[in-house]
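Engineer: For what it's worth, my numbering labels the leading residue of the sequence shown as 337, then goes sequentially. The beta-carbon is built from N, C-alpha and C at its ideal position, and this holds for glycine as well. Just so we're clear, the structure is a prediction, and the values are computed from it rather than from any experiment. I am attaching a structure below and will ask some questions about it afterwards.
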Amino acid sequence: MQNKSFFVRDESNHEIIHPTSSAVGPWDPSMMHGRVLCGLVVQGAEEKLASIDEIDLYQAARVTVDMFRFPAMKPLKILTEIVRDGKRIKVIDVHIMSVNDDQIIEIVKGSVVWLLKTEDTKGKVWMPDEWNFTPPSKDLPFFDEATLDNPGHQNPIWETLDPETGKQFQLNNQTEKNGPKTAWIRETHDFIEDEETSSLLRVAQVADYANPLANLSNIGLEYINVDVTLYLQRNPIGEWIGVETLYHGASMGVSVGSMNIYDSNGRIGMSTVAGLAQAKSMK
């Protein structure tokens, strides 16, 4: 991972974090990216669980992120609360607060359901077929400006490879593809400067990609997602996370899209987004 981050902690108050220019989203230059909001929910939930129990004993089986206010590029504070502290099930709610002068406003509400890891059952359960794409090499170097398709293009906030070609995946080249879209994704940035980015935090950011992957039309991305729900049976292994279109449906300006999520060992879960009609040209 390269020496860049989406957030830095405030030097005088470590409870406050500041978004960097890398956290900007695609819809508005003054708006944070949905993927980093998903990451903030997991960041807060992981810290809270680690304060009360051994985090490795539990699997984050569901992460929900509701994005109901404009996420301005302003300082943030993460508030957490334990709403269930059982032996097998723990639930942690996360509130992302925007700190604007003397005003503190909640912009995102999230929840993480943690389930105790035990042993698998012995019965056989039918499962749909998985994709059959070889993951990228662990030694594949990070892209730089010399290797990007667009000369002078800034380093992306994540790297994406097309499993079918092994070349860089460009979303705007997928508008004419009639069928499921697939990609391998690798993070290029630390989440918070000088802090380790967990595997759960990485896949939480990738979960937001269900919106462009599932909702891209032949003329561009025409829906903005208002939420993300991520389901996981386990955390990803390795740097590369695979995604595959699972479902798209829309009616009267409201869409639902979902995608399967993989690592090098197979499918690990899925993410789903609800969206509002809002055209975003890919040209």
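Provide the residue(s) that pair with Met-595 in DSSP beta bridges, ordered along the chain.
Structural biologist: Thr-581 and Ser-607
Engineer: Suppose you measure from the CA of Val-344 to the CA of Ile-493; what does that come to, to the nearest Å?
Structural biologist: 16 Å
Engineer: What does the Cβ neighbour count give for Glu-417, buried or exposed, with the cut at 16 atoms within 10 Å?
Structural biologist: exposed
Engineer: Check each candidate in Thr-608, Val-562, Gly-593 and Ile-604 and name the one with the smallest Cα separation from Trp-363.
Structural biologist: Val-562
Engineer: Measuring straight from C-alpha to C-alpha, what distance separates Pro-572 and Gly-605?
Structural biologist: One alpha carbon belongs to Pro-572, the other to Gly-605, and they sit about 9 Å apart.
Engineer: Assuming Asp-544 contacts Ala-519 under a Cβ cut-off of 8 Å, what Cβ separation, rounded to an integer in Å, is found between them?
Structural biologist: Incorrect: roughly 13 Å between the Cβ atoms, too far for contact.
Engineer: Starting from Asn-601, follow the alpha helix (DSSP H) in both directions and report where the run begins and ends.
Structural biologist: From DSSP, Asn-601 is part of no alpha helix (DSSP H); its letter is neither H nor E.
Engineer: Under DSSP, the alpha helix (DSSP H) around Gln-541 begins and ends at which residues?
Structural biologist: 535 to 543
Engineer: In three-state DSSP terms, what is His-489?
Structural biologist: In this prediction, His-489 scores a pLDDT of 41, lower than 50, which makes its location untrustworthy; the coordinate-derived value is nonetheless stated afterwards. Residue state, collapsed to three classes: coil.
Engineer: For Gln-439, list the residues DSSP reports as bridge partners.
Structural biologist: Asn-436
Engineer: From Met-403, Ile-440 and Ile-391, pick the residue whose C-alpha is nearest to that of Arg-424; which is it?
Structural biologist: Of the listed residues, the one whose Cα sits closest to Arg-424 is Ile-391.
Engineer: Sorted by chain position, which residues of the same chain lie with C-beta nearer than 8 Å to Thr-533's C-beta, five sequence neighbours on each side aside?
Structural biologist: Met-337, Glu-523, Asp-526 and Phe-527
Engineer: Among residues of its own chain, excluding the 5 on either side of Arg-405, which ones have a beta-carbon nearer than 6 Å to its beta-carbon?
Structural biologist: Ile-443
Engineer: Apart from the five residues on each side of it in sequence, which residues of its chain come closer than 7 Å, Cβ to Cβ, to Met-403?
Structural biologist: Gly-370, Leu-373, Val-444, Val-562 and Asp-563
Engineer: I need the boundaries of the beta strand (DSSP E) containing Gly-556, first residue and last residue.
Structural biologist: Following the DSSP letters along the chain, one finds Gly-556 inside the beta strand (DSSP E) bounded by residues 556 to 561.
Engineer: When the Cα atoms are used, what is the spatial distance from Ile-414 to Asn-551?
Structural biologist: 30 Å
Engineer: Could you name the residues of the same chain whose beta carbon sits closer than 7 Å to that of His-431, not counting the 5 residues immediately before and after it, in chain order?
Structural biologist: Exclusion of the five residues before and after His-431 leaves Leu-415, Glu-442 and Lys-445 as the residues of its chain whose Cβ lies within less than 7 Å of its Cβ.
Engineer: Just checking my contact of Met-368 with Val-360 at CB under 8 Å: how many whole Å lie between their CB atoms?
Structural biologist: A Cβ-Cβ distance of about 7 Å is found for the pair Met-368 and Val-360, placing them in contact under the 8 Å criterion.
Engineer: Let me confirm a value: His-584 is counted as buried when at least 16 other C-beta atoms fall within 10 Å, else exposed. Which label applies?
Structural biologist: Around the Cβ of His-584, a 10 Å sphere holds 16 or more other Cβ atoms; the residue is buried.
Engineer: Count the other C-beta atoms from every protein chain shown that fall within 10 angstroms of the C-beta of Pro-548, then say buried if there are 16 or more, exposed otherwise.
Structural biologist: So Pro-548 counts as buried.
Engineer: Can you give the Cα-Cα distance for Glu-455 and Asp-465, rounded to whole angstroms?
Structural biologist: If you take the alpha carbons of Glu-455 and Asp-465, they lie about 23 Å apart.
Engineer: Kindly say whether Asn-601, judged by its beta-carbon, lies nearer than 8 Å to any beta-carbon of chain D.
Structural biologist: Among the protein chains of the structure shown there is no chain D, as only one such chain exists.
Engineer: Relative to the alpha-carbon of Leu-568, which residue among Gln-439, Pro-407 and Val-448 has its alpha-carbon at the smallest distance?
Structural biologist: Val-448
Engineer: Nearest by alpha-carbon distance to Glu-495: which of Val-579, Leu-412 and Asn-514 is it?
Structural biologist: Val-579
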